[in-house]
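Below is one structure, written out as structure tokens; comments come after it.
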Amino acid sequence: MPQIKLYIEKSLEENAGIYYDEAKKLKKKIEGAKEALKRHYSKLEELQKKAAQLEAKEAVKQSEKALLSAKKKEWYEKFRWFYSSEGFLCIGGRDSTSNEIIIKKHTDKDDIVFHTDMAGSPFFVVKAEGKKVGESTLQECADATACYSRAWKLGLATLDVFYVKPEQVSKEPNPGEYVAKGAFIIRGKTNYLQPELKLAISVGKNTTNKEAGNNDKPGEENKVAGKIIAGPVSAVKKNADKDAKILLIIQGNEKPSDIAKFVQRKLGAGTLDEIIAMLPTGGCKIVVEK
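Residue numbers (the working numbering): 72 to 361.
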């Protein structure tokens, strides 16, 4: 049983007054504790709502990434690639193995083959699909060949790029010569162009191929729709979504990983691996055009 302390020097009324005052103090403390508990519960509820919102955002982000990963990859995306401003698919090697594959397996008799005289350059091929290739596509493919060559890493301002017919490209060496993996012998007349060592990167427009001018079946969804695209400046401008920023890639000293993070942040699309794969070998610098 609870014990009550009585002050014998005080009257019964005075003792009752003391306990009454203490009871009032305790009541105030209880009310204060209840208010504090109420505030804590309210704060907890607010934090739980914020946590749920963050979880929902993260779930959406992960879903978007999953959808992006689940998008159908075209056969040419394992190589360097872009669609020219005239709608021609252009593909290029990433290394000696892919150079070999492109020339041996993906070059048809009507296509046009690009290369340089410098070791460490990719082979690029314009997929003509039986159509006449215009001057703008030839220049764009020359630009891409130079940008993805060793000239970029060496900081060269330019270098000669030539183009030939597929029949002029051979794996058969001249007497006493050896042809390394990814290399080929070029015979006959070569046509030289002066390229510009500058690229662009953006997000592909969401149109039909007929509207975009690409050489795929008219009416089909454009294959660059919503994808990160990179290549010669005029080609990217032609194929970029009207609301997307166009970022210029020039020679510089910044790391590919830093460039990729910046591009992803500015464009709001693509994975870091995708973006890095589209950059030239060597240091880069990004200029925001619009």
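Positions of the beta carbon are idealized from the N, C-alpha and C atoms, including for glycine. This structure is a prediction, so every number in the text was calculated from the model and none was measured.
* Asked: If we ignore side chains and look at the alpha-carbon of each, how far apart do LEU83 and GLU106 end up?
  -> A straight line joining the alpha-carbon of LEU83 with that of GLU106 spans about 35 angstroms.
* Buried/exposed call for VAL184, threshold 16 Cβ in 10 Å -> buried
* From ASP344, VAL240, GLU85 and ASP182, residue whose alpha carbon lies closest to that of LYS149 -> ASP344
* Excluding the five sequence neighbours on either side, which residues of its own chain have a C-beta within less than 8 angstroms of the C-beta of THR229, listed in chain order? -> ALA217, ALA222, GLN265, PRO266, GLU267 and LEU268
* Please name the residue in VAL235, LYS252 and ALA94 whose C-alpha comes closest to that of GLU243. => LYS252
* Asked: How close, in whole Å, do the beta carbons of SER155 and SER207 come, if the pair is a contact with beta carbons under 8 angstroms?
  -> 7 angstroms
* Rounded straight-line distance, which links the Cα of MET349 to that of PHE233 -> 22 angstroms
* To do: Could you spell out where the alpha helix (DSSP H) holding SER305 opens and where it closes?
  => 304-310
* To do: Would you tell me roughly how many angstroms separate the C-alpha atoms of ILE89 and LYS114, rounded to the nearest one?
  => 38 angstroms
* Straight-line gap, LYS356 to ASP329 (C-alpha atoms, nearest Å) -> 10 angstroms
* **Beta-carbon separation (whole angstroms), ALA331 vs ILE320, contact threshold 8 angstroms** => With a Cβ gap of about 11 angstroms, ALA331 and ILE320 do not count as contacting.
* To do: In the DSSP assignment, find the unbroken beta strand (DSSP E) run with VAL358 in it and report its ends.
  => 355-359
* Asked: Can the beta-carbon of ALA301 be found closer than 8 angstroms to that of ASN277?
  -> Cβ atoms of ALA301 and ASN277: not closer than 8 angstroms.
* To do: Determine the extent of the beta strand (DSSP E) in which ALA315 is found, giving its start and end residues.
  => Neither: ALA315 is in no beta strand (DSSP E) and is coded neither H nor E.
* Asked: Taking all protein chains shown into account, do 16 or more other C-beta atoms lie within 10 angstroms of the C-beta of ASP166, making it buried, or fewer, making it exposed?
  -> exposed
* Beta-carbon gap between ASP214 and THR187 smaller than 8 angstroms -> no
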